[in-house]
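**Student:** Sending over a structure as structure tokens; questions will come in a sec.
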Ligand SMILES: Nc1ncnc2c1ncn2[C@@H]1O[C@H](COP(=O)(O)O)[C@@H](O)[C@H]1O
Ligand SMILES: Nc1ncnc2c1ncn2[C@@H]1O[C@H](COP(=O)(O)O)[C@@H](O)[C@H]1O
Ligand SMILES: Nc1ncnc2c1ncn2[C@@H]1O[C@H](COP(=O)(O)O)[C@@H](O)[C@H]1O
Ligand SMILES: Nc1ncnc2c1ncn2[C@@H]1O[C@H](COP(=O)(O)O)[C@@H](O)[C@H]1O
Ligand SMILES: [Mg+2]
Ligand SMILES: [Mg+2]
Ligand SMILES: [Mg+2]
Ligand SMILES: [Mg+2]
Ligand SMILES: [Mg+2]
Ligand SMILES: [Mg+2]
Ligand SMILES: [Mg+2]
Ligand SMILES: [Mg+2]
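Residue numbers (the working numbering), protein chains in the order written: chain S, 2 to 223; chain G, 2 to 223; chain A, 2 to 223; chain Y, 2 to 223; chain L, 2 to 223; chain C, 2 to 223; chain B, 2 to 223; chain V, 2 to 223.
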């Protein structure tokens, strides 16, 4: 009676229903989990203290994993249904939580993930080596996460022919801070073919990646 | 000496160099075309009167096509190198120029395109029939173009499991006009996995689609 | 001497004076309540801890009801003067507090309310069934509450001929977050005849609904 | 093939399809009119020179009316289906085109309209007399149109118990100009129950008014 | 060595130096007070808990007054040098702290102040009576303080021939909240001759009033 | 029937009705002038070509003056009713039209005006000499007009004890251009007692000055 | 009497007075030139048609140079007083006018300039070669001009130890267009020590460069 | 594995890697410090309580200095490699923390610094004396730090021929608060050659100063 589950969503769109914890009390989230029964459920943007309050309200046998850095809680198990290999790159160390959010979702759905952290444009030469490694590993698309001036996705997309999903992060203060400069830079990219999700939306990038990987690894015939 | 052509760009990234005509005089564009020699060149956001001025400055044997609605000029021929099938959907009739821009680029590169225009959310029931048709045609991804409140990409992405690239258009006046409401809506989409390009950037959506199709139709092995 | 009560407001405009608690200390609110005497008074946006502080400062015989989810406190009783039946729909579960605020005000004034929660556009098919139910119940107007991309009021207004009052909520983070995308979407609606109140202003939507219902159920002769 | 007409919209929502002319060439609008056949069609935001170009492209027997001040063109005839009486008030003389747009739509649908122009808050005493007149005429709701600081709808709504639909106009220069201050003022109204449409959207106000009048003058039983 | 006192400021500009406490630690403020010696000093925007910390750090014989509602602390005594009579009006009860800030500064400098609280435009009729009283008392200028839609200064300035200084307050939530709508409304006033200070800047309004009163009550000969 | 003249405004507020020509056609303005009869009328923001069109539509005997630089047209004559002396200072030469608008209104009402142009802060030393001259002339208040960074009013107000009315102008390009930086600077002034009117609103500054001068030169007794 | 020349400015600050032509009529500019006498004068942001109008109003013997691409007009001659060598780099061809403005000012003052155009981050590898060349030429500082996402100055500053002055240009459309994304990116640069001037302000970058070069090539002893 | 150190950065760009503590937990920062080994490391924007938590996690022999006012922590020692003398000026006392951040970085690298605090434009005459002193001390460039209206850098740059780096601070409330007015003012400066870093970015100003000083005191030959 509190939340209407959209059980067919996974079938219909390839992505399971995911609960955004922001603006919901621990009580409400615990109720949603219990209402959901033994279907797997993913809860995002959940800080540790709120997570701990939720757990005390759940039945003992409720199978739960919590990822502190990525702020994700997973209830039950999802079938590993999506094949594929995604590279995730971050500009700085402060972008890691958002990158982790994407990684957890992708791995939960069955996808392989290779990470490269802290190779932002302050020293562009660091990037090349890591990019080469990712390409050798045959990643099929890249998620590039960056805050402040957000230039990394553009630089990467100008160097490789893989699809690049850009994720701005809320790193940075002053004018253009909280991810605004990063978002606008990515939208204004002079490199053709950079697509963008909202600030800090690691989950959104992962969800889109899953849709692409499904097409890549079991495509409709054109 | 005027413009440095990035001849390797197509090899490196799968997308040829494309010239944005905004802020460049007809003289400058004609010079760029001549400097480019017989490599194919694409010029976007070119209105008809500017196009006509450019043509008078080109050598007679210069092979040129101009698409008025999509505001695109193509010089020479590109190899048709990308296989695949893209569906493009618009919310209203005013969104068509942006959709056409995407279509022209995609077809120029060898891709098949199916269009559905004017099925916005003012009468959501209109949408279902056309969506079903596109899926039956086995399109591999969707570009959804919408102005004003920009809700169409979200509604579509909630119904199908194809990747959806959202393109906001500068249709709409007053608060949130010129594409701002559409862009923000798409970034805020409650449907997981909607990615966005900048307002009116049909070219950007096509460029990203090409990168995906390349992976889909000749993927790296993960 | 602290607050000037506008006792005629209910007579003049059909809506009683309502105190917005934001920016007022518990002491000040308690003083206002006592000054008001035994006239019914409504206090909005009141969180539980502030409510508890206020109560300790009131005389024992002061009749008080507090609605935690809707953050509304009601002192004394209002005459049930407005007939009518309103449907309230929310996009997600995080929109419920704003919907509750509207519901409490409407019921307090005598109006019947039917609620449908969590039928947002991520799965548009969920909506139709519930909309049909509301129409069968003969609701006379709809209040549609949505955050994030705020598309639900437009979709609903494109399907039914009832007046739709759209309420954006401060749900959503990043660009367009805190209700900005939702508000702009509603203002930019491509569906004719969607009207809007400010972000999170459930009270405002209820107040307008009361004015309409008064006209519907005891109209001036045109 | 150019525009998909939503012929059921009038049945479904009580409002006929209306074409917004902004961003559409005279050629495109003429095509839409011809495609539409002998169904009545309304075209808004149409300046005189564009109107004249369209007319030359239409068949001789095409019945057309053009309202210069309100920038509306009507093709064919609509059935007069909505009863009711609406009062329209403007703050200044520069707000009149937006008020006219609303008036034309309302009268076209069968509704009675009473206008009062130029009674803004610079001399608030002017207002009372005219407000009294409108109430004596038994108007059932008010559309209040104002630019600059946009305070008029709030002042009116604090004085009468009729529903007030506020329309901000793009009158005003500098900070808060182009209707921004007016829109925000109306959203921030300290008077309960002011609803708002977008800047200059006289059509939207009229469309909503029609939905209310339909309920008032032939209501569902609650 | 920490702060450079501008001891001549009062002589030069008629206004003594006033310290804005925002962003300064209690330690720093206490140091400033001690450095200032026995010259009177005014400290603004000082909440109670910070005030209490400061007092513990001052020498016993330091003469201090603190005004909680207006958040002003006064050290020592100022000569009462400015004659004159100012009326201060607020729209709501939440605007009172800002009005108090202005009142304290004015009275500290020797000026007479008459206050009227909570006569905002939600019930415009309440205003007339109080305005008449103020005029009978021969106030020489008005400071009008209002949040939310900020219309009160415009309405007042349209009714009287006294100079009106408008002070927007940070009252209001959602779009245009935190004083933005109020500020823009005042800047866009359709009533000629409304001047504005920044949001919540009661001190600024008082300082300007003092300069006018000095001219009024001991004018330069033109 | 077109515009409602507020004939009592001058009596009530000390300022005559002034027509803002922006957004009004020459036809409409000519009608307003004729409707107004032989009362003096002031029309602001009127460029020369529009002025010329209006004049052709007026009766021969209509007494008209036009000020090109200040973009003001005056019909008939106003009684010179306000005594006093105002100094107007501009930062640059591009600010002169706004300063002229203020000057014309002030002189039209009977007030004496002394102007100093182009003494902005790029060479602050230029300012002192001119300021001294104005003070020697016994001006009673200052209107300081500045675009770009808008610092001049603050600098002036820190040096003299006259009331300073700050007028930001729409001079400047890029971020903070069109008067935004100037307006915000004036609102943020660290000098106590700077009041502000909207960008380019020379008329507003003059109107406020008139109200002050009325008080200064024939004050109410406090 | 029209403009006050600040003749000492060059002595005082090292930069001569420069007239910004925006918002000034050809008549006004011609007057300023004539008033200035035979001192050298620089006029910026001057398009060709306005330039031609000005020239017709000048005395025959007035020595004038006009640079079309850089939109600069120079009257008379300046002494070549500043030694030094500046490198200017642009991201695209549309940034050239702004780069030219800087170049003309620098050369006019005696400085050597080396240009590299169109080496933006879409193909970052292009950059290295040109950067190496500039360093071999012993440039002493770099002015880096870029629109759209504005990442080039950051990338350059992360590679070399020369001071980098970043100039955002108004190249780009949609969200973050007109130079906003570029400006914010430069302010948010994750590379330490990037300083910024306003959008399109090539003159400002040159003026600052001159001040540095003066210190470099004839420094004060620390 | 957590953070990739850019050890060559100091060699390449003259500035060592500096860690921004915002958005990083004490645990993460302690790890970064330990990973860095005995290379000197600078950590900025670090409040005292976070600093204390970090210290408890570091090995005993880790040499650490903490500057409370400037919120900077320095680990190990840097070689004093940059000669030169910088003047730092602030407008108010609330700007001191940002000025201190710059000072600490400059001194750490070997540079001499002279400070002048609290000489803002509220009393412009205070400035001249201090400016003269700085010039006599032969400072080679100026960092000017100011919040609120941010006019001080422009005033200073109009008086001296030293390069001026402007630093806006987040001092100020209401419209244009948090440094926005200050930033925009500095970008809009009517004084040629003011360059800007982001709000509160004292570190950025110091980093740029170091690059200039390196050129000044050991220049490339042009
Ligand atoms: N939840 C709410 N949202 C918006 N406005 C409100 C709300 N509650 C009360 N108000 C209005 O806000 C005004 C508050 O004024 P006051 O209580 O006098 O400061 C009243 O006129 C109410 O009608
Ligand atoms: N003046 C107007 N203001 C706002 N919306 C309008 C106006 N005129 C038409 N519309 C709506 O705008 C949409 C235009 O869509 P289309 O004509 O398909 O591009 C239609 O759904 C209309 O309902
Ligand atoms: N409440 C206030 N609002 C706005 N400005 C203020 C306020 N109180 C003091 N000021 C001004 O802010 C400046 C603060 O400077 P300082 O104390 O030196 O940091 C002083 O010049 C005051 O005139
Ligand atoms: N230059 C101006 N700037 C700002 N407001 C103005 C100006 N000229 C006239 N006004 C005001 O704008 C209002 C215009 O209303 P109306 O002429 O009825 O559309 C009048 O109340 C004037 O007081
Ligand atoms: Mg790093
Ligand atoms: Mg349509
Ligand atoms: Mg849900
Ligand atoms: Mg009027
Ligand atoms: Mg009240
Ligand atoms: Mg000048
Ligand atoms: Mg290029
Ligand atoms: Mg100070």
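Ideal Cβ positions, reconstructed from N, Cα and C, are used throughout, including at glycine.
#1: Do the region 72–91 of chain V and the region 208–219 of chain V touch if we need at least three Cβ pairs shorter than 8 Å?
#2: Mind checking the region 118–142 of chain B against chain S and listing, in chain order, the residues whose C-beta falls within less than 7 Å of any C-beta there?
#3: Are residue 158/G and residue 120/G touching if we call contact CB-CB under 8 Å?
#4: At least one CB of chain B closer than 8 Å to the CB of residue 159/V: is that the case?
#5: Going by the beta-carbon positions, is the gap between residue 72/S and residue 47/S smaller than 8 Å?
#6: Could you name the residues that DSSP lists as bridge partners for residue 149/S?
#7: Using only alpha-carbon positions, find the residue among 111/V, 106/V, 214/V, 94/V that is nearest to residue 117/V.
#8: Using Cβ-Cβ distances below 9 Å, what residues of the region 172–198 of chain L are close to chain A?
#9: Going by other Cβ atoms of all chains shown within 10 Å of its Cβ, with 16 needed for buried, is residue 50/S buried or exposed?
#10: Hey, how far is the Cα of residue 35/S from the Cα of residue 54/S?
#11: On a Cα-Cα basis, can you pick out the residue from 128/S, 98/S, 140/S, 136/S that is closest to residue 113/S?
#12: Say whether the region 178–198 of chain G touches the region 15–22 of chain G, bearing in mind that this needs 3 or more beta-carbon pairs closer than 8 Å, one atom from each stretch.
#13: DSSP puts residue 86/G in a beta bridge; with which residues?
#14: Using a Cβ cut-off of 8 Å, pull out every chain E residue sitting near residue 156/V, in sequence order please.
#15: Given this structure, state the Cα-to-Cα distance separating residue 24/S from residue 99/A, to the nearest angstrom.
#16: Three or more beta-carbon pairs under 8 Å between the region 143–156 of chain B and the region 147–162 of chain S, yes or no?
#17: Going along the chain, which unbroken runs of the beta strand (DSSP E) with 3 or more residues stay wholly within the region 154–223 of chain B?
#18: Contact defined as beta carbons within less than 8 Å: I believe residue 92/G pairs with residue 146/G. What is the distance between those atoms, to the nearest angstrom?
#19: Taking Cβ-Cβ distances below 8 Å as the criterion, which residues of the region 32–43 of chain L are in contact with chain Y?
#20: Can you name the residues of chain Y whose CB is closer than 8 Å to the CB of residue 103/G?
#21: Could you check which residue in 26/A, 60/A, 61/A has the C-alpha nearest to that of residue 306/A?
#22: Which residues of chain A have a Cβ atom closer than 8 Å to the Cβ of residue 74/G, listed in chain order?
#23: Compute the Euclidean distance between the alpha carbons of residue 197/B and residue 109/G, then round it to the nearest angstrom.
#24: In its own chain, which residues sit with a C-beta less than 7 Å from the C-beta of residue 77/C, not counting the 5 before and 5 after it?
#25: Applying a beta-carbon distance threshold of less than 7 Å, which residues of chain B neighbour residue 164/V?
#26: Which one or two residues does DSSP pair with residue 42/G in a beta bridge?
**Tutor:** From the atom records:
#1: yes
#2: 121, 122, 123, 124, 125
#3: no
#4: Chain B contact via Cβ: present.
#5: Taking 8 Å as the cut-off, the Cβ atoms of residue 72/S and residue 47/S count as close.
#6: None; residue 149/S has no bridge partner.
#7: 94/V
#8: Listed by position along the chain: 172, 173, 174, 175, 176, 177, 178.
#9: exposed
#10: 15 Å
#11: 140/S
#12: no
#13: 113/G
#14: The displayed structure is made up of protein chains S, G, A, Y, L, C, B and V, and chain E is not among them.
#15: 12 Å
#16: yes
#17: As summarised for the region 154–223 of chain B, the continuous beta strand (DSSP E) elements at least 3 residues long and confined to that stretch are 165–169, 195–197, given in chain order.
#18: 7 Å
#19: Per Cβ criterion, the list is empty.
#20: The contacting residues do not exist; residue 103/G stays about 18 Å from chain Y at best.
#21: Past the edges of chain A, shown from 2 to 223, lies residue 306/A, and the structure says nothing about it.
#22: What residue 74/G touches in chain A: nothing, since even the nearest Cβ is about 31 Å away.
#23: 40 Å
#24: 39, 40, 41, 42, 64
#25: 209, 212, 213, 216
#26: Its beta-bridge partners are 76/G.
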